[in-house]
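See structure below.
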Amino acid sequence: MLELTYRRSLLAVANLPPVAGFVKRFGWRLGVGRFVAGEDLDSAVAVLKRLDEQGLASILDLLGEFVASPEGVSAMVQEIETALTRLASAPQRAMSVKPTQLGLGLREGAIDTALKNARRLARRAQEAGARLCFDMENHPYVDGTLTIYRTLHAEGFDNVSTVLQSYLKRSLQDLDDLLALTPKPVLRLVKGAYLEPEQIVYRDLAQVDRLLREMIYRGLEAGAHIDIATHDETLIRETEAFVRGAKIPPEQYEFQLLYGVKPKLQQALRQRGHTVRIYVPYGKDWYGYYSRRLAERPANLAFVLRGLFG
Ligand SMILES: Cc1cc2nc3c(=O)[nH]c(=O)nc-3n(C[C@H](O)[C@H](O)[C@H](O)COP(=O)(O)OP(=O)(O)OC[C@H]3O[C@@H](n4cnc5c(N)ncnc54)[C@H](O)[C@@H]3O)c2cc1C
């Protein structure tokens with residue numbers, strides 16, 4: 205309960221304009237570089253190369269979320285296209301995008317714009333031999349994100365995937381709906397990172413963990429490709445045992461972790477023979493992403509405060 209209170213309080217404080225202003229000003233001195241590959245594409249590609257040398261796969265993410273203006277959306281889509289073109293010659297080819305970067309947050313024509321942009325980027329990704337994942341933002345965008353994924357899946361794009369969050373009460377039903385698709389979907393399963401209204405999420409963190417486990421097992425048993433995106437070592441051990449017991453082939457799943465989080469675990473998983481993919485965010489709009497990382501672990505905030513005052 206204390207953990208949940210810390211998380212919710214930090215995310216609420218992070219939304220206050222003076223706090224945001226201060227952190228944005230001193231960000232790199234506050235340790236942003238631990239979680240963010242850099243502010244430009246070159247720095248991010250250098251990180252992809254380093255990870256590749258360490259035997260780790262990667263998925264690139266251009267930071268920027270809750271984009272609400274048509275100009276903002278056009279700029280984002282262009283930047284993502286540039287990144288996808290660059291990925292064609294990079295050692296690893298996968299990219300995550302936020303649905304509001306595609307236009308899902310626009311006041312008018314949101315879903316049509318987002319679908320058009322999603323299709324354009326999925327095609328560009330295909331040309332680059334890359335995968336494209338539609339990340340999940342907060343609850344107002346869940347239906348739209350699933351519509352984008354289902355539409356492209358129905359159109360035959362086999363290089364796209366999306367995300368479900370186990371903290372949302374609706375997710376088990378969403379999972380069952382997606383598992384009915386042919387061919388089977390590619391899904392990243394996570395606990396969920398946003399500050400959501402209490403009525404729509406599970407408040408008990410143990411329940412969120414149990415549900416994530418249930419969703420992972422259900423997805424694997426149904427034959428979907430599951431990206432197990434967590435740093436929870438108990439859950440990871442349990443999933444490894446499940447995969448062994450159910451004889452799930454290695455190409456049907458991978459572990460995904462965030463850049464800068466538990467690097468020893470990243471390597472240990474690789475050494476235990478699994479595909480491990482690291483989520484590599486870059487870009488100037490790092491504030492929201494960075495605050496969620498601080499909210500996930502009190503020690504991260506302590507680290508920042510020590511850097512400031514220690
Ligand atoms: C590849 C990837 C993609 C993701 N995509 C999305 C998405 O699209 N939408 C979404 O809502 N969420 C996404 N998330 C975030 C996810 O929802 C969780 O907020 C985040 O992964 C933390 O939860 P956890 O499963 O690691 O479990 P937790 O129970 O939070 O943590 C498990 C252990 O890992 C440690 N840990 C967790 N986070 C950190 C951190 N930041 N720094 C240091 N230690 C940490 C904890 O201290 C604890 O020991 C993604 C996560 C990953 C790994």
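If you read the sequence shown in the numbering used here, its first letter stands for residue 205, the second for the next number, and so on. Glycine included, each C-beta is placed from N, C-alpha and C at the ideal position. Given the structure is predicted, the values throughout are model-derived calculations rather than measurements.
Reduced DSSP category for residue i - H, G, I as helix; E, B as strand; rest coil
i, result
"Glu458", "strand"
"His429", "strand"
"Leu368", "strand"
"Phe361", "coil"
"Ala410", "helix"
"Val251", "helix"
"Arg374", "coil"
"Gly486", "A quick correction: the sequence has Tyr, not Gly, at residue 486. Of the three classes helix, strand and coil, the one that applies to Tyr486 here is strand, per DSSP."
"Val405", "strand"
"Ala318", "helix"
"Val271", "coil"
"Asn504", "helix"
"Val277", "helix"
"Val217", "helix"
"Gln452", "The residue asked about is misnamed: residue 452 is Ile in this sequence, not Gln. Looking at Ile452 - three-state DSSP - the assignment turns out to be coil, as it is neither helix nor strand."
"Leu385", "coil"
"Leu415", "helix"
"Phe226", "helix"
"Leu310", "coil"
"Leu399", "coil"
"Ala329", "helix"
"Gly242", "coil"
"Gly423", "helix"
"Gly492", "helix"
"His466", "It is Lys, not His, that sits at residue 466 in the sequence shown. Looking at Lys466 - three-state DSSP - the assignment turns out to be coil, as it is neither helix nor strand."
Residue i to residue j span [Cα, whole Å]
i, j, result
"Gln282", "Leu308", "16 Å"
"Ala287", "Leu245", "7 Å"
"Val447", "Gly477", "12 Å"
"Arg211", "Pro274", "32 Å"
"His343", "Ala503", "28 Å"
"Arg335", "Arg328", "10 Å"
"Arg254", "Leu214", "32 Å"
"Phe338", "Arg233", "31 Å"
"His435", "Pro454", "19 Å"
"Arg354", "Arg323", "12 Å"
"Ala294", "Leu260", "13 Å"
"Val364", "Ala298", "10 Å"
"Lys488", "Val301", "15 Å"
"Ile432", "Gly464", "17 Å"
"Leu220", "Arg474", "40 Å"
"Gly237", "Pro401", "30 Å"
"Phe165", "Leu409", "Beyond the ends of the chain as shown, which are 205 and 514, falls residue 165; an answer cannot be given."
"Thr349", "Gly396", "15 Å"
"Ala499", "Tyr345", "22 Å"
"Lys388", "Ala506", "43 Å"
Member of the options whose CA lies at the smallest distance from the CA of residue i
i, options, result
"Val412", "Arg374, Ile284 and Gly259", "Arg374"
"Gln296", "Ala250, Leu306, Met340 and Gly487", "Ala250"
"Arg392", "Leu461, Ala329, Thr355 and Arg327", "Leu461"
"Leu306", "Ser495, Leu252 and Glu269", "Glu269"
"Pro485", "Leu266, Leu260 and Ser293", "Leu266"
"Gln377", "Arg481, Leu415, Phe361 and Thr355", "Leu415"
"Gly492", "Asp362, Leu399 and Ala318", "Leu399"
"Met419", "Gln369, Ala410, Gly231 and Arg497", "Gln369"
"Tyr494", "Val390, Ala216, Gly235 and Leu208", "Gly235"
"Gln330", "Val394, Ile482, Arg290 and Glu243", "Arg290"
Bridge partners - residue i, DSSP secondary structure assignment
i, result
"Arg324", "For Arg324, which the question treats as bridged, DSSP gives no partner whatsoever."
"Met299", "Leu264 and Leu336"
"Arg346", "Reading off the sequence, residue 346 comes out as Val, not Arg. Val346 pairs with nothing; no bridge assigned."
"Arg481", "Ala261 and Gln460"
"Leu393", "Leu368 and Ile432"
Test: residue i CB closer than 8 Å to a CB of chain C
i, result
"Met419", "Among the chains in the structure shown there is no chain C, since it carries only a single protein chain."
Given 8 Å as the limit, is there contact between the stretch 369-384 and the stretch 418-429, that is, 3 or more CB pairs closer than that? The stretch 369-384 makes contact with the stretch 418-429, as at least three CB pairs between them are under 8 Å.
Quick test of the definition: if touching needs 3 or more C-beta pairs under 8 Å, does the stretch 460-474 touch the stretch 217-227? In short, these stretches do not touch, since the Cβ pair count stays below three.
Does the pairing of the stretch 400-407 with the stretch 433-444 give three or more beta-carbon distances under 8 Å? With the cut-off at 8 Å, the stretch 400-407 and the stretch 433-444 do not touch.
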